[in-house]
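Input: a single structure, listed below in structure tokens.
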Amino acid sequence: MDERTRYFRRLKRLRGSARRWSVIGGGLTAATAVLTPYAGIGVADAVWAASAGASVALAWWRWSDHRELAAIPAPPAPPPALPGQRLVAAVERFPAGRQVIEEVRRQRNRYAVRGSAVAQAWDRLDRASTTLTGLTGRLTGPGEGAVLEAAVAEQWLRDLGQRVASVERAIPLTQPDRRATLEQSHDSLAKQFTEGVSAYERLVAAAASYVAEDGHPVSGQHPALTSLIDATDRLRGMAEGLSELKRPSTPAA
Numbered sequence: 001m002d003e004r005t006r007y008f009r010r011l012k013r014l015r016g017s018a019r020r021w022s023v024i025g026g027g028l029t030a031a032t033a034v035l036t037p038y039a040g041i042g043v044a045d046a047v048w049a050a051s052a053g054a055s056v057a058l059a060w061w062r063w064s065d066h067r068e069l070a071a072i073p074a075p076p077a078p079p080p081a082l083p084g085q086r087l088v089a090a091v092e093r094f095p096a097g098r099q100v101i102e103e104v105r106r107q108r109n110r111y112a113v114r115g116s117a118v119a120q121a122w123d124r125l126d127r128a129s130t131t132l133t134g135l136t137g138r139l140t141g142p143g144e145g146a147v148l149e150a151a152v153a154e155q156w157l158r159d160l161g162q163r164v165a166s167v168e169r170a171i172p173l174t175q176p177d178r179r180a181t182l183e184q185s186h187d188s189l190a191k192q193f194t195e196g197v198s199a200y201e202r203l204v205a206a207a208a209s210y211v212a213e214d215g216h217p218v219s220g221q222h223p224a225l226t227s228l229i230d231a232t233d234r235l236r237g238m239a240e241g242l243s244e245l246k247r248p249s250t251p252a253a
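Counting in UniProt numbering, the sequence shown runs from 1 upward without gaps.
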């Protein structure tokens with residue numbers, strides 16, 4: 001829900017509440033004015049009067065809140081969403097749909113660098129990114145900072161790779177006297193991208209080492225494995241004991 005929709009919903013709720021309390025306060029005030037002269041001032045009349053006063057006060061507060069909110073300019077309307085964007089947003093609400101959308105985006109980005117000098121390094125970046133995604137949930141403590149740094153580095157690398165592919169496509173269109181300078185810039189960017197991918201892969205390898213070492217218990221065997229072996233031995237012993245009880249006893253000679 002955008003801010004503009006939230007603003008008008010709150011304004012509508014305040015208006016409805018103010019009208020409701022105005023009607024209740026008016027009704028209780030009229031009832032108090034009519035019934036009091038007939039029976040005098042008693043406990044019931046005091047209750048009627050107190051309820052009428054409270055309702056009128058609540059109505060006044062609600063109208064006051066409504067006027068204050070109405071005096072604030074409404075937030076600007078968000079840009080209209082295209083039908084395709086609405087469909088993507090609906091699909092991304094489900095985990096399986098989110099994975100499909102991410103794969104489509106990955107293939108689209110891969111298509112943008114096809115045939116370029118960074119295509120192979122781009123594939124290496126995709127594999128490393130997928131591997132790091134599987135490790136992210138187990139990178140706790142100091143590893144969380146590395147995940148954030150890796151996300152920033154990956155975004156920079158993907159932008160750099162698309163930049164290299166765009167420059168490479170523009171080289172044949174460049175004038176011959178300026179082509180050498182552009183080719184030199186392209187080679188420098190491509191080298192920077194390849195070196196960045198190699199550094200990213202080293203980070204993923206370090207993250208995998210951290211996860212592997214963090215999974216080793218200090219004593220050499222995880223308590224869960226020890227408990228599993230003990231439970232297996234207990235069940236086997238119980239099964240053997242039950243088998244012994246069910247065997248017919250041999251009569252003495």
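Glycine residues also receive a C-beta, built at the ideal position from the N, C-alpha and C atoms.
8 Å Cβ shell around residue i - same chain, five flanking residues per side excluded
i    : result
F8   : A74
A199 : A153
Nearest to residue i (by Cα), restricted to the options the options
i    : options                 : result
K12  : T29, L69 and V56        : L69
Y210 : A71, R20 and V147       : V147
E149 : D177, V204 and Q120     : V204
S129 : Y111, R106 and E144     : R106
L139 : A212, R10 and A121      : A212
Q192 : A153, L245, R247 and R6 : A153
Q155 : D126, G237 and G143     : D126
Sub-8 Å separation of residue i and residue j beta-carbons
i    : j    : result
A52  : G25  : yes
L157 : V113 : no
A239 : L135 : no
A190 : V104 : no
L132 : R62  : no
E201 : R124 : yes
S64  : W21  : no
Cut-off 7 Å between Cβ atoms - residues of its own chain near residue i, not counting five sequence neighbours on either side
i    : result
S116 : V164, A165 and E168
T29  : A52 and V56
A231 : none
6 Å Cβ shell around residue i - same chain, five flanking residues per side excluded
i           : result
T174        : L182
L82         : Residue confidence is low: L82 scores 48 on pLDDT, short of 50, so the model does not pin down where it sits. Its coordinate-derived value is still stated next. Excluding sequence neighbours, L82 sits near nothing in its chain.
I72         : none
H66         : L14, R15 and A18
R6          : none
residue 257 : A query on residue 257 cannot be resolved here, the shown segment of the chain reaching from 1 to 253 and no further.
L245        : none
S243        : none
L160        : F193
R247        : none
Supposed close pair residue i, residue j - CB separation, criterion 8 Å
i    : j    : result
R179 : I171 : 6 Å
R110 : W122 : 6 Å
In the region 108-179, which residue ranges form an unbroken alpha helix (DSSP H) of at least 4 residues, counting only runs that do not cross its ends?
Taken in chain order, the whole alpha helix (DSSP H) runs of length 4 or more contained in the region 108-179 are 119-136 and 142-170.
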